[in-house]
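Asks: First residue of the sequence shown? That's -5 in our numbering, and the numbers climb one at a time after it.
In this text, a Cβ means the ideal position worked out from N, Cα and C, and glycines have one as well.
Bear in mind the structure is a predicted one, so any value in this text is a computation, not a measurement.
Handing you a structure now.
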Amino acid sequence: MFEFAWPWVFILLPLPWLMRLVLPAADSGEPALKVSFLDELEGLVGRRARANLPTWRQQAPFILLWLLLLIAAARPQWLGEPLPIAASGRDLLVAVDVSGSMDFPDMQWQDEDISRLALVQRMLGDFLESREGDRVGLILFGTQAYLQAPLTFDRHTVRRWLDEARVGIAGKNTAIGDAIGLALKRLRQRPAQSRVLILVTDGANNGGQIDPLTAARLAADESVKIYPIGVGADPEQSGSAGFLGVNPSLDLDEATLREIAQVTGGQYFRAEDGEQLLAIKATLDQLEPVTQQPTQARPAHALYHWPLAVALVLSMLLVARERWPDNPLQRLFTQPLFQPSHPSEWRQRLKRLRLRRRR
């Protein structure tokens, strides 16, 4: 079924004509040609000259161009048949710490040192794509918390946005409480028995407006289970040193993360390398789905590129008409007032007209 997603765009249809009425006429900067015998020419051709307004054939390409742009802006689309979506699953939000310390390369993956965020992206990306039947969403937090992806069945897109996350895009600090508060705001609209938050961080709360334990108690009141994951190598076994020779793993506040998990009925995990994070992923995969109301979705195929392509071609033709006036397109859209077959013929007609008037 064909439809416009934004049909209200068509209220802009009379905008060019309204602008023409309101705005003053543009000055071309060229002197006008004054013809002293214009009345005689009008008598010969049998109609009056229109000096300012273009003919309808001159206006037609611009009207068509405006219509094509409005059609594209209204988002034409073709809706397919309704498709069933899995009726069981959880509403799963993943909050990932993107503060400055997540760039520390103390994690091992296939005998290679990589940053904490890079390992989280690889592991959690696979985890998100495997959550068939679940609504998944993504929160990125640093000094502030941002909803990167709302709850959706499009797991592939959520993973892509996770892969595009960069250290420091939300600030250098760690606002764990704000991340929990933002997740609570989004999950409270979903069924109470399906609300899950996976919180990934490598430090302690040192930013934001909400205390993490206060946010955890509010989450428990709303039946939101939180599964914190502490990321970072063991500071006693890791020889890596961060800024000023201090290992960032020392900043991890495991006591607070454990209490968050205990208060909300979740479980705390510690990921010191890639193997442990893989084991955590396997544990999270065992989260039992819950029954929800069946839903349906209709695939929508966007068609806006077709009117845009036609508008682009028409614009190029109009530019060609302006740059190279002597072409078939110019003759098609231009309707001259008069077009004598030969200059001498018009001179003879004018002489006969003057002679008739003298008599």
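1) Is DSSP giving glycine 131 helix, strand or coil here?
2) Does the beta-carbon distance from leucine 311 to proline 10 come in below 9 angstroms?
3) Buried or exposed for threonine 258, please, with buried defined as at least 16 other CB atoms from any protein chain shown within 10 angstroms of its CB.
4) Mind checking which residues open and close the beta strand (DSSP E) that includes proline 222?
5) Report buried or exposed for methionine 101, applying the criterion of at least 16 other Cβ atoms within 10 angstroms of its Cβ.
6) With DSSP as the reference, label alanine 169 as helix, strand or coil.
7) Starting from isoleucine 204 and walking both ways along the beta strand (DSSP E), at which residues does that stretch end?
8) How is glutamate 248 classed by DSSP in three states: helix, strand or coil?
9) Taking the alpha-carbon of alanine 164 as reference, which of Gly202, Pro70, Leu181, Trp103 has the nearest alpha-carbon?
10) Taking only heavy atoms of the ligand HEM into account, decide whether any of them is closer than 8 angstroms to the Cβ of tyrosine 262.
11) Could you have a look at methionine 359 and say whether DSSP puts it in helix, strand or coil?
12) May I ask you to report which of helix, strand or coil DSSP gives glutamate -3?
13) If you count every other CB in all the chains shown that lies within 10 Å of the CB of arginine 129, and 16 or more means buried, which is it?
14) On the criterion of 16 or more Cβ atoms from any shown chain inside 10 Å, does methionine 13 qualify as buried, or is it exposed?
15) Name, in chain order, the residues that DSSP records as bridge partners for arginine 189.
16) Once you ignore the five residues that flank aspartate 157 on each side, which residues in its own chain have a CB closer than 7 angstroms to its CB?
17) Leaving aside the five residues before and after glutamate 253 along the sequence, list all residues of the same chain whose C-beta is less than 8 angstroms from its C-beta, in chain order.
18) Residues in its own chain within less than 8 angstroms of threonine 151 by CB, not counting five upstream and five downstream?
19) Report buried or exposed for threonine 250, applying the criterion of at least 16 other Cβ atoms within 10 angstroms of its Cβ.
20) With DSSP run on the structure shown, which of helix, strand or coil describes alanine 273?
21) Pair every Cβ in the region 180 to 191 with every Cβ in the region 131 to 146, then say whether three or more of these pairs are closer than 8 angstroms.
22) Since I believe arginine 154 is in contact with glutamate 123 (beta carbons under 8 angstroms), could you give me their beta-carbon distance rounded to a whole number of angstroms?
23) Where DSSP assigns a beta bridge to glutamine 71, which residues make up the other side?
24) If I follow the unbroken beta strand (DSSP E) through threonine 146, where does it start and stop?
25) State buried or exposed for leucine 111, treating a residue as buried only when at least 16 other CB atoms are found within 10 Å of its CB.
26) Can you say whether isoleucine 117 is buried or exposed, counting buried as having 16 or more other CB atoms within 10 angstroms of its CB?
27) Given this structure, state the Cα-to-Cα distance separating alanine -1 from tryptophan 72, to the nearest angstrom.
28) Opposite isoleucine 108 in the DSSP bridges: which residues?
29) Consult DSSP for alanine 198 and reduce its assignment to one of helix, strand or coil.
30) Taking the beta carbon of arginine 160 as the centre, do at least 16 other beta carbons fall within 10 Å, making it buried, or is it exposed?
31) Residue range of the beta strand (DSSP E) that arginine 264 falls in?
32) Could you give the distance in angstroms between the alpha-carbon of proline 1 and the alpha-carbon of aspartate 215?
33) Using CA coordinates, which residue listed in Leu176, Ile192, Phe121 is at the minimum distance from glutamine 261?
34) Hey, could you find the ends of the alpha helix (DSSP H) glutamine 160 is sitting in?
35) Would you kindly check if the distance between the Cβ of valine 194 and the Cβ of lysine 219 is under 9 angstroms?
36) Could you tell me if valine 307 is buried or exposed, where buried requires 16 or more neighbouring beta carbons within 10 angstroms of its beta carbon?
Replies: The relevant details are as follows:
1) On the sequence shown, position 137 is the one that residue 131 refers to. The answer is strand: DSSP assigns glycine 131 an E or B state.
2) Residue mapping note: residue 311 aligns to position 317 of the sequence shown, counting from 1. Residue mapping note: residue 10 aligns to position 16 of the sequence shown, counting from 1. The Cβ atoms of leucine 311 and proline 10 lie no closer than 9 angstroms to each other.
3) Walking along the sequence shown from the start, residue 258 turns up at place 264. Buried, since its Cβ has 16 or more Cβ neighbours within 10 Å.
4) Within the sequence shown, residue 222 is the residue found at index 228, counting from 1. Unbroken beta strand (DSSP E) run through proline 222: 219 to 225.
5) Your numbering for residue 101 matches position 107 in the sequence shown. With 16 or more Cβ atoms within 10 Å of its Cβ, methionine 101 is classed as buried.
6) Residue mapping note: residue 169 aligns to position 175 of the sequence shown, counting from 1. Of the three classes helix, strand and coil, the one that applies to alanine 169 here is coil, per DSSP.
7) Position 210 of the sequence shown, counted from the first residue, corresponds to residue 204. Segment: none, isoleucine 204 is in no beta strand (DSSP E) and carries neither H nor E.
8) The count along the sequence shown starts at 1 and reaches residue 248 at position 254. If DSSP states are grouped into helix, strand and coil, glutamate 248 belongs with the helices.
9) Residue numbering aside, residue 164 sits at position 170 when the sequence shown is read from its first letter. When each option's Cα is compared against that of alanine 164, the closest is Gly202.
10) This structure does not include the ligand HEM; it has no bound ligands of any sort.
11) Residue 359 falls outside the range modelled here, since the chain spans only -5 to 353, and no answer is possible.
12) For the purposes of this step, residue -3 is taken as residue 3 along the sequence shown, with counting starting at 1. Note: glutamate -3 maps to strand in three-state DSSP.
13) The count along the sequence shown starts at 1 and reaches residue 129 at position 135. Arginine 129 is buried by the Cβ-count criterion.
14) In the sequence shown, counting from the first residue as 1, residue 13 sits at position 19. Exposed, by the Cβ-count rule.
15) Working through the sequence shown from its first residue, we reach residue 189 at position 195. Arginine 189 is bridged to Asp85.
16) For the purposes of this step, residue 157 is identified with residue 163 of the sequence shown, where counting begins at 1. Excluding sequence neighbours, aspartate 157 sits near Gln115, Gly119.
17) Translated into the one-based positions of the sequence shown, residue 253 becomes position 259. Cβ neighbours of glutamate 253 beyond the five flanking positions: Leu207, Ala210.
18) Working through the sequence shown from its first residue, we reach residue 151 at position 157. Within the same chain, threonine 151 has close Cβ partners Ala143.
19) Here residue 250 corresponds to residue number 256 of the sequence shown, with the count starting at 1. By the 10 Å Cβ count, threonine 250 comes out buried.
20) Residue 273 sits at position 279 when you count from the first residue of the sequence shown. In this structure, alanine 273 counts as helix in the three-state DSSP scheme.
21) yes
22) Looking up residue 123 in the sequence shown gives position 129. Looking up residue 154 in the sequence shown gives position 160. About 10 angstroms separates the two Cβ atoms, so there is no contact after all.
23) Along the sequence shown, one-based indexing puts residue 71 at 77. Answer by DSSP bridge pairing, in chain order: Glu(-3), Ala296.
24) For the purposes of this step, residue 146 is taken as residue 152 along the sequence shown, with counting starting at 1. Here the beta strand (DSSP E) through threonine 146 covers 139 to 146.
25) Taking the first residue of the sequence shown as 1, we reach residue 111 at position 117. Buried.
26) Here residue 117 refers to the residue found at position 123 when the sequence shown is read from its first residue. Note on residue identity: the sequence assigns methionine, not isoleucine, to residue 117. Methionine 117 is buried by the Cβ-count criterion.
27) Against the sequence shown, residue -1 aligns to sequence position 5. Against the sequence shown, residue 72 aligns to sequence position 78. Distance between the alpha carbons of alanine -1 and tryptophan 72: 10 angstroms.
28) Indexing the sequence shown from 1 puts residue 108 at position 114. In the DSSP assignment, the residues bridged to isoleucine 108 are Met101.
29) As a first step, residue 198 is located in the sequence shown; it is residue number 204 there, counting from the start. Three-state DSSP puts alanine 198 in coil, outside helix and strand.
30) Indexing the sequence shown from 1 puts residue 160 at position 166. An exposed status is given to arginine 160, since fewer than 16 other beta-carbon atoms sit within 10 Å of its beta-carbon.
31) Counting from one through the sequence shown, the residue named residue 264 turns up at place 270. Here the beta strand (DSSP E) through arginine 264 covers 263 to 265.
32) Locating residue 1 in the sequence shown gives position 7, counting from the first residue. Locating residue 215 in the sequence shown gives position 221, counting from the first residue. Note on geometry: alpha-carbon atoms of proline 1 and aspartate 215 lie some 43 angstroms from one another.
33) Start at 1 with the first residue of the sequence shown, and residue 261 comes out as number 267. Out of Leu176, Ile192, Phe121, the CA that lies nearest to the CA of glutamine 261 is found in Ile192.
34) Here the question's residue 160 lines up with position 166 in the sequence shown. Note that residue 160 is arginine in the sequence shown here, rather than glutamine. Note, arginine 160: premise wrong, no alpha helix (DSSP H); not H, not E.
35) As a working note, residue 219 is residue 225 in the sequence shown. As a working note, residue 194 is residue 200 in the sequence shown. Result no, Cβ atoms of lysine 219 and valine 194 do not sit closer than 9 angstroms.
36) Taking the first residue of the sequence shown as 1, we reach residue 307 at position 313. Flag for valine 307 reads exposed.
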